[in-house]
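Some notes on the structure that comes next.
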Amino acid sequence: MPAKAIEPDQPGSVGPIKQIEALNKKGFPLAYVGDVVGTGSSRKSATNSVLWFMGDDIPYVPNKRGGGVVLGGKIAPIFFNTMEDAGALPIEVDVSKLNMGDVIDIYPYKGEIRNHETNELLETFALKTEVLIDEVRAGGRIPLIIGRGLTSKARSALGLPPSTLFRHAKAVEQSDRGFSLAQKMVGRACGRDGIRPGEYCEPKMTSVGSQDTTGPMTRDELKDLACLGFSADLVMQSFCHTAAYPKPVDVTTHHTLPDFIMNRGGVSLRPGDGIIHSWLNRMLLPDTVGTGGDSHTRFPIGISFPAGSGLVAFAAATGVMPLDMPESVLVRFKGKMQPGVTLRDLVHAIPLYAIKEGLLTVEKKGKKNIFSGRILEIEGLPELKVEQAFELADASAERSAAGCTIKLDKAPIIEYLQSNIVLLKWMIAEGYGDRRTLERRITAMENWLADPQLLEADADAEYAAVIEIDLNEIKEPILCAPNDPDDARLLSEVANSKIDEVFIGSCMTNIGHFRAAGKLLDQHKGQLPTRLWVAPPTKMDAAQLTEEGYYSVFGKSGARIEVPGCFIMYG
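Just so it is clear: in the sequence shown, position 348 is 348 by full-length UniProt numbering, and no numbers are missing.
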């Protein structure tokens with residue numbers, strides 16, 4: 001369904017190209033404006049679209065464009081970063097006074113938006129960072145980082161003082177307060193005790209993930225960077241989005257991308273293996289930092305900052321990632337889980353309680369979202385299995401959070417790593433590559449197990465907000481109403497709603513969910529009155545469920561069983 005005032009050329013297949021052409025005839029550059037911008041996938045494709053239709057040609061560089069302006073009440077972190085990398089100008093600002101076809105003047109240095117004809121002040125804003133101006137001038141954040149680094153090295157070699165040409169992020173006020181868990185993890189990756197919110201840093205990337213819809217774009221970016229070998233310790237490529245019903249272009253990707261990744265020291269999965277996160281999580285090291293070209297790259301141990309294809313390529317090639325350290329929001333669980341309540345209800349309790357405290361709104365206009373662009377840090381559930389912890393971390397993507405940490409005890413992490421070592425050894429035996437990378441990661445896991453130490457947040461760490469959730473108060477399941485994961489509701493509020501279609505799958509699931517569903521379905525005789533789709537996250541889960549007889553139960557119920565992966569969720 002097209003958005004208000006948008007007139008697609010062909011609804012559902014071709015966007016408003018004629019409308020864009022008509023606006024261009026006014027003779028002014030176009031800006032893309034929205035209340036909540038950049039929450040869908042793929043952010044790199046969306047950025048390319050903005051640049052293609054609203055950007056500028058790059059002299060002597062065919063099929064690429066730069067520039068472009070995006071104004072949003074809320075801009076999703078990954079989209080914001082991807083626009084930065086492309087040399088566009090993303091600005092978070094109240095857009096309620098802006099309408100389709102308005103001619104406005106934007107003053108980045110003053111932080112003002114004015115009506116072009118009357119000079120009326122429509123809104124004021126502050127750039128996320130002063131460095132954003134340099135990023136636009138350099139044609140993107142990555143060219144700026146590389147150019148700034150080369151300039152520094154050249155001036156040092158010539159005995160010249162540091163350049164004063166470049167802007168730098170404002171110095172963060174010194175504080176004697178402690179650090180949060182996320183701040184300590186990023187600090188360790190920078191060789192420091194901690195990193196304060198607002199501080200610019202370049203943490204070491206220990207684990208980097210790439211998936212198949214954005215993978216070809218990441219490959220192009222790696223070529224632009226002349227990358228012949230990865231500097232990140234582990235880079236993994238999956239084929240989870242296109243394995244089931246590949247188009248000809250996807251088949252070509254399946255044939256060519258694995259060798260490209262492995263030849264540079266990366267680990268390549270195979271079509272049908274399953275979801276990127278279900279595999280990448282099995283390769284993680286505790287308290288380390290990473291990234292991935294998918295918004296649900298949310299490490300259950302350590303922390304990750306999901307990114308667009310360009311930034312993923314930069315992280316893989318250089319082994320570091322530029323980061324303006326976000327603030328944190330602490331969610332603290334207390335009490336005891338009540339009968340009939342599951343972990344998924346705790347996932348949905350986070351937006352529910354945020355709504356109750358006035359920190360989150362469902363309405364898009366004037367949207368409030370305390371989590372947007374911040375790190376979600378979770379405490380109070382230390383005994384969770386790591387697979388369960390990922391349910392909570394994974395859902396931070398739906399909160400538009402920049403990242404997520406979960407405080408866990410050593411025992412579940414030790415158990416998890418011991419199992420993961422077995423999996424990585426099996427991968428080597430099955431011919432997965434790069435073998436040296438897998439062996440190096442096995443050694444790192446064994447070294448951690450020999451002396452298992454975990455970082456912990458300081459008691460006096462500062463947070464943008466603290467949300468306490470009493471498990472004793474949650475006495476019934478909590479759901480999210482279509483089509484908004486922020487619209488959390490109690491089961492009693494939506495009871496007797498007609499259900500047309502059910503999907504059990506995506507990276508939010510593990511084998512336990514399918515077993516539970518199978519036991520429920522086994523009590524129902526005959527075909528279901530709804531359409532049911534089932535897609536396990538990995539081929540190992542699919543094999544185990546088949547062996548345990550659950551595939552037979554799904555089949556008798558009329559379920560459509562798909563190849564392991566996330567293509568149904570992806571659409």
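Ideal Cβ placement from N, Cα and C applies to all residues, glycine included.
Quiz prompt | Every unbroken alpha helix (DSSP H) within the stretch 242 to 330, with a cutoff of 4 residues, ordered by chain | solution = 248 to 262, 276 to 280 and 309 to 318
Practice problem: Take A488 and list the residues in its own chain whose beta-carbon comes closer than 6 Å to its own, dropping the five residues that flank it on each side. | Solution: H348, P351, L352, I478 and C480
Practice problem: Return the first residue and the last residue of the alpha helix (DSSP H) that Q418 is part of. | Solution: K410 to A429
Quiz item: Does DSSP put N472 in a helix, a strand or coil?
Solution: helix
Quiz prompt | Close-in-space but distant-in-sequence residues of the same chain around N420 (CB under 6 Å, 5 per side omitted) | solution = R282
Exercise. May I have a chain-ordered list of the beta strand (DSSP E) segments no shorter than 3 residues that lie completely inside the stretch 344 to 387?
Key: 375 to 379
Quiz item: Using the beta-carbon count (16 or more within 10 Å), is P326 buried or exposed?
Solution: buried
Quiz prompt | CB contact flag (T297, G209, <8 Å) | solution = yes
Practice problem: In angstroms with no decimal places, state the Cα-to-Cα distance between V136 and A189. | Solution: 28 Å
Exercise. Take M508 as the anchor and find which of D394, K74, V95 and G67 has the nearest alpha-carbon.
Key: D394
Practice problem: Out of T206, P537, K18 and S328, point me to the one whose CA is closest to F371's CA. | Solution: S328
Quiz item: K368 and L359: beta carbons closer than 8 Å?
Solution: yes
Quiz item: So, is V251 buried or exposed, given that buried needs 16 or more other C-beta atoms within 10 angstroms?
Solution: exposed
Quiz item: If you compare alpha carbons, which of A397, N263 and D273 is closest to S238?
Solution: D273
Self-check item: Rounded C-alpha distance that separates I145 from K556
Solution: 57 Å
Quiz item: Is DSSP giving F503 helix, strand or coil here?
Solution: strand
Quiz item: From T437 to A459, what does the alpha carbon distance come to, in whole angstroms?
Solution: 37 Å
Practice problem: Can you grab the Cα-Cα spacing for the pair T156 / V131, in whole Å? | Solution: Rather than Thr, the amino acid found at residue 156 in this sequence is Ser. Computed Cα separation, rounded: 22 Å.
Self-check item: Cutoff 6 Å; reference T124; Cβ partners in own chain excluding five residues on either side
Solution: G111 and E112
Self-check item: Beta-carbon proximity list for R270, same chain, < 6 Å, skipping 5 on both sides
Solution: none
Exercise. Please state if the CB of L225 and the CB of F314 are separated by a distance shorter than 8 Å.
Key: yes
Quiz item: Just to confirm, are A464 and S180 a CB contact at a threshold of 8 Å?
Solution: no
Practice problem: Answer with buried or exposed for Q523, where buried requires no fewer than 16 other C-beta atoms within 10 angstroms of its C-beta. | Solution: exposed
Quiz item: Whole-angstrom Cβ separation of residue 572 and L71, contact assumed at under 8 Å?
Solution: Given a span of 1 to 571 for the chain in the structure shown, any question on residue 572 remains unanswerable.
Quiz item: Where does the unbroken alpha helix (DSSP H) through A488 begin, and where does it stop?
Solution: It is not in any alpha helix (DSSP H) - A488 instead sits in the beta strand (DSSP E) that spans A488 to L490.
Practice problem: Use the C-beta contact count for P197: other C-beta atoms within 10 angstroms, 16 or more gives buried, fewer gives exposed. | Solution: buried
Quiz item: Buried or exposed: where does G159 fall if 16 or more other Cβ atoms within 10 Å of its Cβ makes it buried?
Solution: exposed
Quiz prompt | Cα-Cα separation, E173 to E462 | solution = 13 Å
Quiz prompt | N99, DSSP secondary structure in three states | solution = coil
Quiz item: Among all the DSSP beta bridges, which residues are the ones paired with Y107?
Solution: E112
Quiz item: Okay, do the stretch 72 to 83 and the stretch 328 to 344 touch, 3+ Cβ pairs below 8 Å being the bar?
Solution: no
Quiz item: Between the stretch 532 to 542 and the stretch 492 to 504, are three or more C-beta pairs nearer than 8 Å?
Solution: yes
Quiz item: Which residues bound the alpha helix (DSSP H) around E21?
Solution: I17 to N24
Exercise. Please check the pair V235 and P300, which I expect to be a contact at CB under 8 Å, by giving their CB distance rounded to whole angstroms.
Key: That belief does not hold up - the Cβ atoms of V235 and P300 are roughly 19 Å apart, past 8 Å.
Exercise. Taking R148 and F166 to be in contact with their CB atoms under 8 Å, please state how far apart those CB atoms are, rounded to whole angstroms.
Key: 6 Å
Practice problem: Hey, could you find the ends of the alpha helix (DSSP H) P155 is sitting in? | Solution: This sequence places Arg at residue 155; Pro is not what is there. From DSSP, the alpha helix (DSSP H) with R155 extends over R141 to A157.
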